[in-house]
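In my numbering, the protein residues as written are 96 to 168.
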Amino acid sequence: MAGEIEDVDESIATGVGLYALSDATLHDAAKAAGVTSWELEEAIVDAGLGEAFGIDGEADVPAEIDRLLDEQL
């Protein structure tokens, strides 16, 4: 493919683009790109973009689940 960049996972790049440039959630962007939410989140954090996207790579998963459940009540 013309303009191909080495060592870039095209699926991850697509997911990051969808998440950054649309109103897609992380989950929806990952699903559309054919990767998992965790893969996409990890790639964003590894690229140093976690803060810009509001993603905490060291998040406390149980606390986050509790917070989300509380929001639903």
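Ideal placement from N, C-alpha and C gives every residue a C-beta, glycine not left out.
Residues near residue i in its chain [Cβ-Cβ closer than 8 Å; skip 5 each side]
{"i": "methionine 96", "result": "Confidence is the limiting factor: at methionine 96 the pLDDT is only 49, short of 50, which leaves the residue's position unreliable and the question unanswerable from this model."}
{"i": "serine 117", "result": "Ala124"}
Cβ-Cβ separation, residue j to residue i (assumed contact under 8 Å), whole Å
{"i": "alanine 147", "j": "isoleucine 107", "result": "Not quite, the Cβ-Cβ distance comes to about 16 Å (not below 8 Å), so this is no contact."}
{"i": "leucine 135", "j": "leucine 121", "result": "6 Å"}
{"i": "glycine 110", "j": "valine 130", "result": "5 Å"}
Close beta carbons around residue i, own chain, < 7 Å, minus the five adjacent residues each side
{"i": "leucine 113", "result": "Ala119, Ala124, Ala127, Ala128"}
{"i": "valine 103", "result": "none"}
Own chain, CB closer than 6 Å to residue i, minus 5 neighbours either side, in chain order
{"i": "aspartate 151", "result": "none"}
Extent of the continuous alpha helix (DSSP H) run through residue i
{"i": "isoleucine 150", "result": "Looking at the DSSP string, isoleucine 150 is not in any alpha helix (DSSP H), and its letter there is neither H nor E."}
{"i": "leucine 164", "result": "156–167"}
Within the segment 101–145, note down every full beta strand (DSSP E) run reaching 3 residues or more, in order along the chain.
none
With three or more beta-carbon pairs closer than 8 Å as the criterion, would you say the segment 155–166 touches the segment 118–138?
no
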